[in-house]
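Inspection log for the structure reproduced underneath, given as structure tokens.
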Amino acid sequence: MGRTTVQLIVSSFGALALGLALTVIVKRLASHLGIVASPRKDRWHQKPTALMGGVAIYAAFLICFLGFGPHVPGAVAIVAAASLLFVTGLVDDLIQIKPYTKLIVQLVAATIVVYFGVRLHWTNYQALNDFLTIFWLVGITNAINLLDNMDGLAGGIALITCGFLAATFLLNGQLQAAALPMALGSAVLGFLVFNFNPASIFMGDCGSMFLGFLLGGTALLSDYGGSRNLGAILLTPVLVLMIPIFDTCVVTLTRKLSGRPISRGGRDHTSHRLVALGISEKRAVIMLYSLAGFSGGVALLVRLVNPAMVMLVVPVFALGVLFLGLYLAKVRVYENGEERHTGAILTALADFSYKRRIFEVLLDAVLVLLAYYGANLLRFDGNMPAEQMAVFVRTLPLVIGIEMLAFLFGGVYRGLWKYVGISDMIVIARSVLGGALASAAVVFVMYGFTGPSRAVFVLNGLLLIVFVGASRLSFRFLRAALAGPINAHPDAKRVFIYGAGDDGELLMRAILNNPSHQYVPLGFIDDDRRKTGKLIHGCRIFDSREAPELIRAHGISEVLVSSSSVHEGRLDHLRGLGVSLRTMSIRFE
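The numbering of the sequence shown is the numbering used here, which starts it at 158 and goes up by one.
Spelled out as structure tokens, the structure:
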């Protein structure tokens, strides 16, 4: 075991121990001195909570950095600039300073880093790279600051980011550079023990600004050496820090369109929107952890695979993130009295994502491109020969044009995404296959059978069915995955549905699809014993003989009857249990 490896291990465990000990000390001091975050209408916590957890993170990291500091060009400049922001955040936590003052200090800190030669290498123009680096550092700093809105969220995302940055450095052979994210992650882990739900201490601006700047700066130290490729250079830092970037984009866009100041706090972050869907706070945070881990995995994949594969994987991942952002942006997060501007953005986003055909057309054009490109990659095992790349470039306009015409005349754009069903998927499959056959015929007529591969067009059709079908089902999938049957109005009644037939399924779907419904369906009650134990929309079907026990156990005061054909004797039995009955009916007048 080499000396550098020993230093990595010692500094990591040292930072963890210091983080734990210092967080306990800071928490007690902050509570004793009254330095606490009091509950506010635009904040999430419900009780006074100690601030200054960032002091523990900063001190634990700095001690290890000074004791085992890596000899990496630019590391000292990054830590010094991050320290400037720590001090600024500390002042803000104590006396509050104007947002523009903090922005100026962030710009100064970013210019310090650039002055000492640490920058993004995204273009061939140094001046442009310098500007992009400053924008990157300031953006990530504020992104982490905005992300610090729920117990354990910013700290956990920072910890995951540190893990993937350390993995990237180790894969690059940069053992010295790996010391920075490993020490920082260990210090954050010590703090996170007390910050995870329910939190007893918050990091404050001194912690979030320091963390954000140091993470953004550390990402600039990655060196890909001889295996360096454009995809890794451009995408690795973005993917590793995807969650804070994603959250900032959602918050900035929704606040801007709804007329709310971006700098003002609020309950409209991605985490808050997940909770508004009926998800617990802890589960919402863990879901964002998972997304951060998946994004970090994509970042490592980008570094390891060839550039041709990167051009397929990253756009597909980006489209998934886009759909998630559009879905969450539509979620209502403010009370009715606070929604003066929100209606406009919800209407705009709903129109943009569901009804505006131009969005669908542009999306499908991208999906056709990705499917055709992916088909070529699959056919040639991820490495297209130069002659096949030339064929792809020549035939791509034809394929896009023909398949888009097939979509138009096949009826793909007549449906509504919100109500996509089997009949719509049949239309999509028919249009895709028709377009694939037509494009293959035209290409082979024009270029013969010696250039283009026949297998490519078979794979193209299959991939396009998957891509287009997934896009249309994306919102329904997200609704099912994120909300579930317990999502309901805060004052909703817990009920059972009597009847697990077609009418019962229709009633359940109507309840789940209505965000303002007043019921939480706990399950179905049915006379048909063959259905007992089965599930409909995630809710269990119970034998009607279990009704008395179920009603008593769950404190049910109301049962929804899905059909007027239920035997009156059964209904009288339910009334005898002290519950009121409401029967669903569909009238034609």
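Backbone N, C-alpha and C fix where the C-beta goes; we use that ideal spot for every residue, glycine too. Here the structure is a predicted model, which means the values were calculated and not measured.
According to DSSP, residues forming a beta bridge with residue i
{"i": "Glu544", "result": "In DSSP, Glu544 forms no bridge with anything."}
{"i": "Asn699", "result": "It is Phe, not Asn, that sits at residue 699 in the sequence shown. In the DSSP output, where bridge partners are listed per residue, Phe699 has Ile682."}
{"i": "Tyr655", "result": "Ile682, Val718"}
{"i": "Ile358", "result": "Ala207"}
{"i": "Lys650", "result": "Tyr676"}
Coarse secondary structure for residue i, derived from DSSP in three states
{"i": "Tyr576", "result": "helix"}
{"i": "Ser720", "result": "coil"}
{"i": "Lys255", "result": "coil"}
{"i": "Leu692", "result": "strand"}
{"i": "Tyr676", "result": "strand"}
{"i": "Arg611", "result": "helix"}
{"i": "Ser195", "result": "coil"}
{"i": "Ser588", "result": "helix"}
{"i": "Ile301", "result": "helix"}
{"i": "Thr740", "result": "strand"}
{"i": "Lys413", "result": "helix"}
{"i": "Gly382", "result": "Annotation note: pLDDT 45 at Gly382 (below 50); position unreliable, no value reported."}
{"i": "Arg276", "result": "coil"}
{"i": "Ser240", "result": "helix"}
{"i": "Tyr282", "result": "coil"}
{"i": "Pro227", "result": "coil"}
{"i": "Ile436", "result": "coil"}
{"i": "Gly309", "result": "coil"}
{"i": "Lys184", "result": "helix"}
{"i": "Gly159", "result": "coil"}
{"i": "Arg732", "result": "helix"}
{"i": "Leu565", "result": "helix"}
{"i": "Asn463", "result": "coil"}
{"i": "Leu341", "result": "helix"}
{"i": "Val407", "result": "helix"}
{"i": "Ile419", "result": "coil"}
{"i": "Gly330", "result": "coil"}
Sub-7 Å separation of residue i and residue j beta-carbons
{"i": "Thr318", "j": "Val407", "result": "no"}
{"i": "Tyr529", "j": "Leu469", "result": "no"}
{"i": "Gly312", "j": "Phe348", "result": "yes"}
{"i": "Ala340", "j": "Phe474", "result": "no"}
{"i": "Val229", "j": "Val183", "result": "no"}
{"i": "His189", "j": "Asn306", "result": "no"}
{"i": "Leu371", "j": "Ala239", "result": "yes"}
{"i": "Ile515", "j": "Gly364", "result": "no"}
{"i": "Leu679", "j": "Arg651", "result": "yes"}
{"i": "Gly567", "j": "Asp581", "result": "no"}
{"i": "Leu208", "j": "Ala194", "result": "yes"}
{"i": "Leu527", "j": "Val471", "result": "no"}
{"i": "Ala225", "j": "Phe367", "result": "According to the sequence provided, residue 225 is Phe. The question's Ala does not apply to it. Contact: no."}
{"i": "Leu241", "j": "Ala216", "result": "no"}
{"i": "Arg536", "j": "Val613", "result": "yes"}
{"i": "Gly159", "j": "Cys221", "result": "no"}
{"i": "Ile622", "j": "Ser596", "result": "no"}
{"i": "Gly246", "j": "Ile297", "result": "no"}
{"i": "Leu707", "j": "Arg739", "result": "no"}
{"i": "Val270", "j": "Ile235", "result": "yes"}
{"i": "Pro755", "j": "Leu304", "result": "No statement about residue 755 is possible, as the shown extent of the chain runs from 158 to 746 and does not include it."}
{"i": "Val442", "j": "Leu310", "result": "yes"}
Exposure of residue i, with buried meaning 16 or more beta-carbon neighbours within 10 Å
{"i": "Tyr676", "result": "buried"}
{"i": "Arg417", "result": "buried"}
{"i": "Gln331", "result": "buried"}
{"i": "Ala344", "result": "buried"}
{"i": "Ser540", "result": "Per the sequence shown, the amino acid found at residue 540 is Asn instead of Ser. The residue is exposed, with fewer than 16 neighbouring Cβ atoms inside 10 Å."}
{"i": "Thr206", "result": "buried"}
{"i": "Asp659", "result": "exposed"}
{"i": "Phe326", "result": "buried"}
{"i": "Tyr655", "result": "buried"}
{"i": "Arg460", "result": "buried"}
{"i": "Leu177", "result": "buried"}
{"i": "Pro464", "result": "exposed"}
{"i": "Ser384", "result": "Unreliable placement is indicated for Ser384, whose pLDDT of 44 sits below 50; no coordinate value is reported for it."}
{"i": "Arg424", "result": "buried"}
{"i": "Glu725", "result": "exposed"}
{"i": "Thr499", "result": "Summary for Thr499: the model assigns pLDDT 48, below 50, so the residue's position carries little reliability; its value from the coordinates is reported in the next sentence. It is buried - the Cβ of Thr499 has at least 16 other Cβ atoms within 10 Å."}
{"i": "Met360", "result": "buried"}
Residue i Cβ short of 6 Å to the ligand ADP heavy atom set
{"i": "Gly572", "result": "Among the components modelled here there is no ligand, and therefore nothing to report on the ligand ADP."}
Segment contact, 8 Å Cβ cut-off, at least three pairs: the stretch 536-548 with the stretch 601-621: yes
Three-pair Cβ contact test at 8 Å for the stretch 318-327 versus the stretch 428-448: no
Given 8 Å, three or more beta-carbon pairs between the stretch 347-363 and the stretch 277-292: no
Contact between the stretch 711-718 and the stretch 731-745 (3+ Cβ pairs under 8 Å): yes
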